[in-house]
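Chemist:
In the working numbering, the protein residues as written are -4 to 314.
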């Protein structure tokens, strides 16, 4: 009888585990899995892999639930035979019916509700066990998985691949939920949205051609330079050589006011950015070097334009 009771609780536990895991898997936040996977969490990466192979996940769940149901039914019949002196077919049929509410509540309903309301936490804790069973059941699940792949090749409908990247709509939804929960202020949400909107742009689309900028020559009179800067409302100005074409560096208008010299004889180094550099990478590089102006060059090293730091920061704060 002890064996029957032990088998019953093992079957009930397995039923609860696979039923709850199935609900949790479909309810879990994809963003959470991606972030955990990017952080190097092997369990999250394994669950993400199962997301890309749903047939294997479903097969593992089906095999696990069938095993749990078989153990539960066998245990109930075994206990029924041991508690009666004269086992009968009627007793073996009635006993499972009497135990059905217990199996339904504790093996199906309760775990599904728990995973429904707390999918991320419970799936993360039960993930290693589920991946273990996925490995154990692999020989059986592989057959169903192969049939799913065959069906996919016939109808030509591939499931959505979930990579270690985040879709923009999902990120937008996360930001909205964060603001609704009081975690983010409206200004913070707007900043993050603008950041996502410009993240893929390159500096080639933002730079200003050299010919359209008011450049000053090395050795020019400072008063004249300040007059030009005031007229163009320029906070920085590129500096060219005596030939008027060789780009040397740049000066800041505020430094000209603080300098006692009568002419432009010093300038700041002009950092170089590749044309394909992303908006965010360029912003980080210029902010790290505390630079106000940068040269944008093509693959051959030729200058195609100049990039102001304000060209990178202003789009972040637009309404």
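Just so it is clear, CB atoms sit at the ideal spot from N, CA and C, and this is done for glycine as well.
Kindly indicate which three-state DSSP category residue 256 falls into: helix, strand or coil?
Modeler: Taking the chain shown and counting its residues from 1, one reaches residue 256 at position 261. Coil at residue 256, not helix or strand.
Chemist: Between the Cα of residue 253 and the Cα atoms of 279, 218, 116, which residue gives the shortest distance?
Modeler: Here residue 253 is taken as the residue at index 258 of the chain shown, counted from 1. Closest option to residue 253, Cα to Cα, is 218.
Chemist: Cβ of residue 302 within 9 Å of Cβ of residue 203?
Modeler: Within the chain shown, the letter at position 307 stands for residue 302. Within the chain shown, the letter at position 208 stands for residue 203. Cβ distance < 9 Å, so residue 302 and residue 203 count as in contact.
Chemist: According to DSSP, is residue 184 part of a helix, a strand, or is it coil?
Modeler: Counting from 1 along the chain shown, the entry for residue 184 is found at position 189. It is helical.
Chemist: For residue 46, report the span of its alpha helix (DSSP H) as first-last.
Modeler: Looking up residue 46 in the chain shown gives position 51. Per DSSP, residue 46 belongs to the alpha helix (DSSP H) from 37 to 47.
Chemist: Please work out which residues of its chain come closer than 6 Å, Cβ to Cβ, to residue 106, disregarding the five sequence neighbours upstream and downstream, and give them in chain order.
Modeler: Translated into the one-based positions of the chain shown, residue 106 becomes position 111. Cβ neighbours of residue 106 beyond the five flanking positions: 11, 14, 15.
Chemist: Could you give the DSSP three-state label for residue 106: helix, strand or coil?
Modeler: Along the chain shown, read from residue 1 onward, the residue named residue 106 stands at position 111. The answer is helix: DSSP assigns residue 106 an H, G or I state.
Chemist: Taking the alpha-carbon of residue 125 as reference, which of 261, 42, 299, 27 has the nearest alpha-carbon?
Modeler: The residue given as residue 125 occupies position 130 in the chain shown. For the residues 261, 42, 299, 27, the minimum Cα distance to residue 125 belongs to 42.
Chemist: If you follow the alpha helix (DSSP H) that residue 232 is in, where does it begin and where does it stop?
Modeler: Your numbering for residue 232 matches position 237 in the chain shown. Segment 231 to 235 is the beta strand (DSSP E) holding residue 232; no alpha helix (DSSP H) there.
Chemist: Are residue 128 and residue 32 closer than 9 Å when you measure CB to CB?
Modeler: On the chain shown, residue 128 is found 133 positions in, with the first residue counted as 1. On the chain shown, residue 32 is found 37 positions in, with the first residue counted as 1. Result no, Cβ atoms of residue 128 and residue 32 do not sit closer than 9 Å.
Chemist: Classify residue 264 as buried or exposed, calling it buried when 16 or more other Cβ atoms lie within 10 Å of its own Cβ.
Modeler: As a working mapping, residue 264 is identified with position 269 in the chain shown. Counting Cβ neighbours within 10 Å, residue 264 comes out exposed, since fewer than 16 surround it.
Chemist: Give the range of the alpha helix (DSSP H) segment to which residue 9 is assigned.
Modeler: If you number the chain shown from 1, residue 9 lands on position 14. Unbroken alpha helix (DSSP H) run through residue 9: -3 to 22.
Chemist: Does the separation of the CB atoms of residue 244 and residue 212 fall below 9 Å?
Modeler: Here residue 244 refers to the residue found at position 249 when the chain shown is read from its first residue. Here residue 212 refers to the residue found at position 217 when the chain shown is read from its first residue. The answer is no: Cβ separation not under 9 Å.
Chemist: Between 290, 108, 209, 94, which has its C-alpha nearest residue 73's C-alpha?
Modeler: If you number the chain shown from 1, residue 73 lands on position 78. Checking every option, the nearest Cα to that of residue 73 belongs to 94.
Chemist: Following the continuous alpha helix (DSSP H) through residue 289, name the residue where it begins and the one where it ends.
Modeler: Counting from 1 along the chain shown, the entry for residue 289 is found at position 294. Element bounds for residue 289: not the alpha helix (DSSP H) but the beta strand (DSSP E), 288 to 292.
Chemist: Can you give the Cα-Cα distance for residue 75 and residue 103, rounded to whole angstroms?
Modeler: What you label residue 75 is simply residue 80 of the chain shown in a count that begins at 1. What you label residue 103 is simply residue 108 of the chain shown in a count that begins at 1. Roughly 23 Å separates the two Cα atoms.
Chemist: Here's the rule: buried if 16 or more other CB atoms are within 10 angstroms of the residue's CB, otherwise exposed. What is residue 159?
Modeler: For the purposes of this step, residue 159 is taken as residue 164 along the chain shown, with counting starting at 1. Because the pLDDT at residue 159 is just 48, under 50, the model does not fix this residue reliably, and the value given afterwards should be weighed accordingly. Under this definition residue 159 is an exposed residue.
Chemist: So residue 258 and residue 214 are supposed to be a Cβ contact under 8 Å. How far apart are they, rounded?
Modeler: As a working note, residue 258 is residue 263 in the chain shown. As a working note, residue 214 is residue 219 in the chain shown. Indeed they touch by this definition, with Cβ atoms about 5 Å apart.
Chemist: Using the three-state DSSP reduction, which class does residue 244 fall into: helix, strand or coil?
Modeler: Here residue 244 corresponds to residue number 249 of the chain shown, with the count starting at 1. Correct three-state label for residue 244: strand.
Chemist: So, do the region 43 to 56 and the region 132 to 139 have three or more beta carbon pairs nearer to each other than 8 Å?
Modeler: Contact between the region 43 to 56 and the region 132 to 139 is present, because at least three Cβ pairs lie under 8 Å.
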